[in-house]
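Worksheet: the structure to be examined is printed underneath.
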Amino acid sequence: MTELHHLTLAQLNEGLRARRFSSVELARHFLGRIERLNPALNALITVTGEQALAQAQRADELLAAGEATSVLAGLPLIHKDIFCTDGVLTTCGSRMLSNFVAPYDATIVERLSQAGVVMLGKANMDEFAMGSSNETSWYGPVKNPWDLKKVPGGSSGGSAAAVAARLAPVATATDTGGSIRQPAALTGLTGFKPTYGRVSRYGMIAFASSLDQAGTLTYTAKDAAMVLRDMAGFDPRDSTSVDTPVPDYLAELDQPLTGLKIGLVKEFFEGGLEESTANLIREALRVYERMGAKLIEVSLPNLPLSVPTYYVVAPAECSSNLSRFDGVRFGYRCENPKNLEDMYKRSRGEGFGAEVKRRIMTGTYVLSAGYYDAYYLRAQKVRRLITDDFARAFQQVDVLMGPTSPTPAFDIGAKVDDPITMYLNDIYTIGANLAGLPAMSVPCGKVTMGDTSLPVGLQIIGPHFAEAKLLNVAHGYQNETLWHRDIPKGYE
Ligand code: GLN
Numbered sequence: 446m447t448e449l450h451h452l453t454l455a456q457l458n459e460g461l462r463a464r465r466f467s468s469v470e471l472a473r474h475f476l477g478r479i480e481r482l483n484p485a486l487n488a489l490i491t492v493t494g495e496q497a498l499a500q501a502q503r504a505d506e507l508l509a510a511g512e513a514t515s516v517l518a519g520l521p522l523i524h525k526d527i528f529c530t531d532g533v534l535t536t537c538g539s540r541m542l543s544n545f546v547a548p549y550d551a552t553i554v555e556r557l558s559q560a561g562v563v564m565l566g567k568a569n570m571d572e573f574a575m576g577s578s579n580e581t582s583w584y585g586p587v588k589n590p591w592d593l594k595k596v597p598g599g600s601s602g603g604s605a606a607a608v609a610a611r612l613a614p615v616a617t618a619t620d621t622g623g624s625i626r627q628p629a630a631l632t633g634l635t636g637f638k639p640t641y642g643r644v645s646r647y648g649m650i651a652f653a654s655s656l657d658q659a660g661t662l663t664y665t666a667k668d669a670a671m672v673l674r675d676m677a678g679f680d681p682r683d684s685t686s687v688d689t690p691v692p693d694y695l696a697e698l699d700q701p702l703t704g705l706k707i708g709l710v711k712e713f714f715e716g717g718l719e720e721s722t723a724n725l726i727r728e729a730l731r732v733y734e735r736m737g738a739k740l741i742e743v744s745l746p747n748l749p750l751s752v753p754t755y756y757v758v759a760p761a762e763c764s765s766n767l768s769r770f771d772g773v774r775f776g777y778r779c780e781n782p783k784n785l786e787d788m789y790k791r792s793r794g795e796g797f798g799a800e801v802k803r804r805i806m807t808g809t810y811v812l813s814a815g816y817y818d819a820y821y822l823r824a825q826k827v828r829r830l831i832t833d834d835f836a837r838a839f840q841q842v843d844v845l846m847g848p849t850s851p852t853p854a855f856d857i858g859a860k861v862d863d864p865i866t867m868y869l870n871d872i873y874t875i876g877a878n879l880a881g882l883p884a885m886s887v888p889c890g891k892v893t894m895g896d897t898s899l900p901v902g903l904q905i906i907g908p909h910f911a912e913a914k915l916l917n918v919a920h921g922y923q924n925e926t927l928w929h930r931d932i933p934k935g936y937e
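Heads up, the sequence shown is in this note's numbering, so the first residue is 446 and it goes up one at a time.
Structure representation (structure tokens):
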């Protein structure tokens, strides 16, 4: 029997419009699953049941009156806990904000709620979005529904685990160095990161402002297109938001892929990539060839420098962004401070976890007088070279493809004591952030390990503002394959 949590957003929208079920029924169904299944996953920090039912009730009234204009009206969603939600706890996965009730909505929260979306709760995440495994959260690690001993990826691990376990048909997420695509790959979802500036960052708690971008975790590219239409667009409250019209992403989905030029990034297939993952990527490329696409090898010679570049730029920006958390204006304050300096030191010392402190220290160091030129300025120059490499590749090809992550989901605890190994998880995703490009991950197979099988993601990267193209390319693949329909055992 098809149950409500087996349906994509597009199917749920049809069902609502055809009155097969109501928004309140939908909200109840998913809230029930959250109550039953979330304790083992730890995917949500806050559940907003009452508010969800009230929003659903309103959506039902609009639908009944024929006044619900957005295809998202009445559909349930989970927001990553990095987005400010008016009157609702907004922790960013940190003890520092464990008492912070946001006084306003982030732009995307506001836009989606105006579209009639029903917020079920807030998703767990790596502390301040720093991590690749969702183990740095003050609220404890998130488990991967494909195997509870494995990580779901990070930093949007709560969003990914929730959608993969069918606790909601969509979750918002953010991607600074891969945090939408990598967890999408590790949990078998479609993860979409738009062009930098396409979606407003207002009310999204800043990690590295020149890299952060909001996007979605869904089952299909079509669902991502549905949500992006309402999320994207110019926002005068974000000075880096780009003022170009938002195309109708749904309209382009079915364009044929004959003649599509796919660039295979040479550097993606050299060393570090597990053979079983590489085979599934090659298999996916053959599907594209059958649809009439052409494969062309391209080289991005500076791409191997992307991880070290990122781990200078991102900590530099985070050290500045996180200086606002000082125990004075909001967030955590230590008990009985002796004086002002003690209050600053202990509030930050107790409020931030180890990974966040490591980044703040690295960032402060690379920005300090005497080291600025050697590290920060140099990293910015390399960033330009990487961006130019991508631009050159896009003169030859329409999109780039390769793996999203070098390995499938790994064991919880396996990499926590070795930050460098952890940072290398992002080796394929970080380039797109440094260059501000749109990129996504779609499920393209599973590798079997003992008695579990774990999902693998195919990464697709496009030129700036090629969102419609990416979604079209991914949708074509999903018409030919069924990987995006797989549900982890126990969550059917
Ligand atoms: N894993 C990367 C980091 O730890 C990327 C995180 C992200 O995209 N938010 O910084």
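C-beta atoms are modelled at their ideal positions from N, C-alpha and C, and glycine is treated no differently.
8 angstroms contact criterion, which Y821 and A761 should meet: CB distance rounded: So it is a contact: roughly 5 angstroms between Cβ atoms.
C-beta atoms of A677 and V691 nearer than 7 angstroms: Their beta carbons are under 7 angstroms apart, which means A677 touches V691 by this criterion.
8 angstroms contact criterion, which S654 and R682 should meet: CB distance rounded: A Cβ-Cβ distance of about 14 angstroms is found for the pair S654 and R682, leaving them out of contact under the 8 angstroms criterion.
Residue burial classification, P848 (beta-carbon count within 10 angstroms, cutoff 16): That one is buried.
beta-carbon M570 near ligand 1 non-hydrogen atom, thresh 6 angstroms: No, Cβ of M570 sits at least 6 angstroms from all heavy atoms of ligand 1.
Ligand 1 heavy atom lying under 6 angstroms from the CB of G623: The closest heavy atom of ligand 1 lies less than 6 angstroms from the beta carbon of G623.
Three-way DSSP call (helix, strand, coil) for P760 in this model: Residue state for P760 is assigned as helix, using DSSP reduced to three classes.
Contacting residues, own chain, Cβ-Cβ under 6 angstroms from A630 (five flanking each side not counted): Answer for A630: T849, S850, S886, G902, listed in chain order.
Secondary structure of Q700, DSSP reduced to three states: It is coil, neither helix nor strand.
Chain-order list of residues whose beta-carbon lies under 7 angstroms from that of Q502 (same chain, five-residue window excluded): Excluding sequence neighbours, Q502 sits near V469.
Closer than 6 angstroms: A432 CB and nearest ligand 1 heavy atom: Since the first residue shown for the chain is 446 and the last is 937, residue 432 is missing from the structure and cannot be characterised.
Buried versus exposed call for I625 [16 or more other C-beta atoms within 10 Å across all chains shown]: I625 sits buried, since 16 or more C-beta atoms from the chains shown fall within 10 Å of its C-beta.
Presumed contact (8 angstroms Cβ cut-off) between P967 and I857, rounded CB distance: Here the chain has residues from 446 to 937 only, and residue 967 is not among them.
Selection from V546, P521, R540, L522 that minimises the alpha carbon distance to G532: Comparing Cα-Cα distances from G532 to each of V546, P521, R540, L522, the minimum goes to V546.
Minimum C-alpha distance to A568 - residue among M575, A606, G776, G737: Ranked by Cα distance from A568, the options M575, A606, G776, G737 are led by A606.
Closer than 6 angstroms: G576 CB and nearest ligand 1 heavy atom: For ligand 1, at least one heavy atom lies less than 6 angstroms from the Cβ of G576.
DSSP three-state assignment for E734, whether helix, strand or coil: Three-state result, E734: helix.
Pair within 7 angstroms by beta-carbon distance, C537 and I527: Yes, Cβ-Cβ distance for C537 and I527 is below 7 angstroms.
D620 Cβ short of 6 angstroms to ligand 1 heavy atom set: Of the heavy atoms belonging to ligand 1, at least one sits nearer than 6 angstroms to the Cβ of D620.
Any non-hydrogen atom of ligand 1 closer than 6 angstroms to S600 Cβ: S600 has its CB nearer than 6 angstroms to a heavy atom of ligand 1.
Exposure of T552, with buried meaning 16 or more beta-carbon neighbours within 10 Å: For T552, the number of other beta carbons within 10 angstroms of its own is at least 16, and it is reported as buried.
For F637, the first and last residue of its enclosing beta strand (DSSP E): 635 to 638 is the span of the beta strand (DSSP E), which, as asked, contains F637.
Anticipated Cβ contact below 8 angstroms, K525 with S578, distance rounded: The pair is not a contact, with the Cβ atoms about 16 angstroms apart (cut-off 8 angstroms).
Coarse secondary structure for P848, derived from DSSP in three states: Three-state result, P848: strand.
Helix, strand or coil at D856 according to DSSP, with G and I counted as helix: Looking at D856 - three-state DSSP - the assignment turns out to be strand.
Environment of R793 [buried if 16+ CB atoms lie within 10 Å]: R793 comes out buried.
Whole-angstrom distance between K638 and G561, CA atom to CA atom: Whole-angstrom Cα-Cα distance: 22 angstroms.
L767 versus Q658 - alpha carbon distance: For L767 and Q658, the gap between their C-alpha atoms comes out near 17 angstroms.
D693 Cβ short of 6 angstroms to ligand 1 heavy atom set: D693: no, Cβ never under 6 angstroms from ligand 1.
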